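The first sequence begins at 944 in my numbering and counts up by one. Below: the structure, in structure tokens.
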Amino acid sequence: MEIVIDNDDIIIKKLENFDPEHIFECGQAFRWDREEDGSYTVVAFNRVLNVLKVGEDVIFRNTNLEDFENIWKNYFDLNTEYKAIQETFNSDETMKKCIEYGDGIRILQQDEFETIISFMISANNRIPQIKKSIRLICEKYGNFIETYNNRDYYSFPTPSELSICKPEDLREHCRVGFRDERIYKVANMIENGEFPFYDLKNKTREEIRDTLITLPGIGEKIADCITLFGYDKKDSFPVDVWIKRVMETLYFGKEVKKKEVSDLGRDKFGKYAGVAQQYLFYYGRENKIGK
DNA sequence: TGCCAGGGGTTCA
DNA sequence: TGAACCCCTGGC
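So this is what it looks like as structure tokens:
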């Protein structure tokens, strides 16, 4: 990896399988803004970063080498060879087409607590609304980080910071609707040690999923999303209405039960089913497959 | 301008 | 298994 440092910019030359648009627009993260120059500003781990792809190079702005090495390298999963993952799908012509379309997608290594709350908010919700609720929660319960491109950025609250919330504030001020009590309960269960949040990290996909599902507001789909996006379990295959539609159109040729979709997804794509899911999602949503 | 359907899911009956 | 749930947007 060839790194060039230029003031507050870190430039990675010829960075393969990396496209900010595909990374952020495939439904795995909600704390980003698209800028006029086509770059993306993202806030994570108490930092604000701007990412721009220029030809084969990627420019990471508003950061330094130390943060790049300690935070962003891991956040963007740069130690994983996506080319090798893609090759495991080589025998699947349909998937090859999806990869061609969505190449550059990476599974972000996001904060566990933020991922839990964010995907609880995603239940029966739309992306703009999810982003708005999360932004309001950060502004109300997180801490100010900095102003970048005329926008104020706040950290995502810790379990402790969010545990002092009132359900009515979550509803009325943060616009989370019927998810208010659930979020309040989960933050407090974690803060009070009533949920083994800090023991989950080294468990298997199944163990994490089964534990998460015991929380209010977390069912199968959201538990699968959290294991994939918050715990880096790449064999997780979340099935939402988009994945169901895409798989029905591209693989089944008819309507099937949700369980059939998740079974086929994990059988077919194995230990990288979650990466395949992201290619399918991006391809399906951008092309409105099945709609 | 105003009404209404529906959404990347979970819960409860 | 199916209806209800809050908020917001888009279509008419």
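All C-beta atoms, glycine included, are put in the ideal place defined by N, C-alpha and C. Treat the numbers as computed from the prediction; the structure is a model and nothing was measured.
Q971 has its alpha-carbon roughly 10 Å from the corresponding atom of Q1052. In the DSSP assignment, D1112 falls within the unbroken alpha helix (DSSP H) covering P1110 to E1115. Cα atoms of I1126 and A987: separation of roughly 20 Å, rounded to the nearest angstrom.
Within the DSSP bridge table, the entry for L992 names V985 as partners. Put simply, of I1161, Y1194, R1188 and E1149 the residue whose alpha carbon is nearest the alpha carbon of D1178 is E1149. By the neighbour-count definition (other C-beta atoms within 10 Å, threshold 16), N993 is a buried residue. For F1087, the enclosing beta strand (DSSP E) begins and ends at F1087 to Y1091. About 6 Å separates the beta carbon of I1048 from that of Y1225, a gap short enough to meet the 8 Å contact definition. Rounded to whole angstroms, the separation of the alpha carbons of M1190 and D1206 is 11 Å.
Taking 8 Å as the cut-off, the beta carbon of V1218 is found no closer than this to the beta carbon of I946. Contact check between the region 1096-1110 and the region 1154-1167: fewer than three CB pairs, one atom from each, fall below 8 Å, which does not count as touching. Taken in chain order, the unbroken stretches of alpha helix (DSSP H) that lie wholly in the region 1113-1161 and span 4 residues or more are 1123-1134 and 1148-1155. In the DSSP annotation of this structure, the continuous segment of the alpha helix (DSSP H) that includes R1209 starts and ends at K1201 to F1212. Closest in C-alpha terms to N1007, from the list R1078, D1167, I948 and K1187, comes I948.
For D951, no pairing in a beta bridge is given by DSSP.
R1118 and L1171 do not touch by the CB rule: their CB atoms are close to 26 Å apart, not below 8 Å. Going by C-alpha positions, S1098 is about 9 Å away from V991.
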